[in-house]
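Chemist: Numbered according to the UniProt record's numbering, the sequence shown spans residues 1 to 135.
Questions regarding the structure given below will be posed in turn.
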Amino acid sequence: MTARSGDPGVSPESSSAAAAAAGSGGGEIWGTSEDLLLACAVSRHGTASWDAVAKEMQSRCPSAAVFTPTTCRLRFRVLHRRFSGGVTAENEDADGGEEEEEADAAAVAGWVEELRELRVAELRREVEKYDLSIG
């Protein structure tokens, strides 16, 4: 499975190249690597401590300043919609978003594995690309 280019903030390019851009929760700062780090941070800290999640993201990513509690929370909501079957903003009511976010924090473990597989596939493609250019 590959990253879907239709997902907000998902770039088919390397996540390190995407990390150079700044923006809000769905901007180009989010690649597969950052999504994986976010899912791991949320699995450790939960959805009640976005400050801790953002602090961990800032310590592990080159463009640290753009990973605020708000951008992390917004990206988590994007990932939640992506992995829960494509719930869109149109059919998500304003009050239900937070409850849905809390209820599905436990499902992050499944996301971590899928994101890990996506990242490994992404790295394999990069290695193959460089192998072809060298050989």
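Ideal Cβ placement from N, Cα and C applies to all residues, glycine included.
Counting only the same chain and skipping the five closest in sequence on each side, list residues whose C-beta sits under 6 Å from that of residue 50.
Modeler: On the sequence shown, residue 50 is found 50 positions in, with the first residue counted as 1. For residue 50, where only same-chain residues beyond five positions count, the Cβ hits under 6 Å are 69, 72, 73.
Chemist: What is the DSSP secondary structure of residue 29, counted as helix, strand or coil?
Modeler: In the sequence shown, the residue the question calls residue 29 occupies position 29. Note: residue 29 maps to coil in three-state DSSP.
Chemist: Using a threshold of 9 Å, state whether the C-beta atoms of residue 39 and residue 108 are closer than that.
Modeler: By 1-based counting over the sequence shown, the position of residue 39 is 39. By 1-based counting over the sequence shown, the position of residue 108 is 108. It is a contact, given that the beta carbons lie within the stated cut-off.
Chemist: Please report the Cβ distance between residue 116 and residue 36, rounded to the nearest whole angstrom; I am assuming they are in contact, meaning their Cβ atoms lie under 8 Å.
Modeler: Residue mapping note: residue 116 aligns to position 116 of the sequence shown, counting from 1. Residue mapping note: residue 36 aligns to position 36 of the sequence shown, counting from 1. With 8 Å as the limit, residue 116 and residue 36 qualify as a contact, their Cβ atoms being about 6 Å apart.
Chemist: Alpha carbon to alpha carbon, how far is residue 111 from residue 118? Give it in angstroms, no decimals.
Modeler: Mapped onto the sequence shown, residue 118 falls at position 118. Mapped onto the sequence shown, residue 111 falls at position 111. Going from the Cα of residue 118 to the Cα of residue 111 covers about 10 Å.
Chemist: Quick check: what's the CA-CA separation for residue 129 versus residue 46?
Modeler: If you number the sequence shown from 1, residue 129 lands on position 129. If you number the sequence shown from 1, residue 46 lands on position 46. Taking the straight line joining both Cα atoms gives about 37 Å.
Chemist: By the 10 Å Cβ neighbour count, where 16 or more other Cβ atoms means buried, how is residue 4 classified, buried or exposed?
Modeler: Translated into positions along the sequence shown, residue 4 becomes position 4. For residue 4, the pLDDT reaches just 44, beneath the cut-off of 50, and the residue's location in the model is therefore unreliable, although a value from the coordinates is still provided. By the 10 Å Cβ count, residue 4 comes out exposed.
Chemist: With 16 other CB atoms within 10 Å as the buried threshold, where does residue 82 fall?
Modeler: In the sequence shown, counting from the first residue as 1, residue 82 sits at position 82. Result: buried.
Chemist: At which residues does the alpha helix (DSSP H) containing residue 70 begin and terminate?
Modeler: Position 70 of the sequence shown, counting from 1, holds the residue named residue 70. 69-83 is the span of the alpha helix (DSSP H), which, as asked, contains residue 70.
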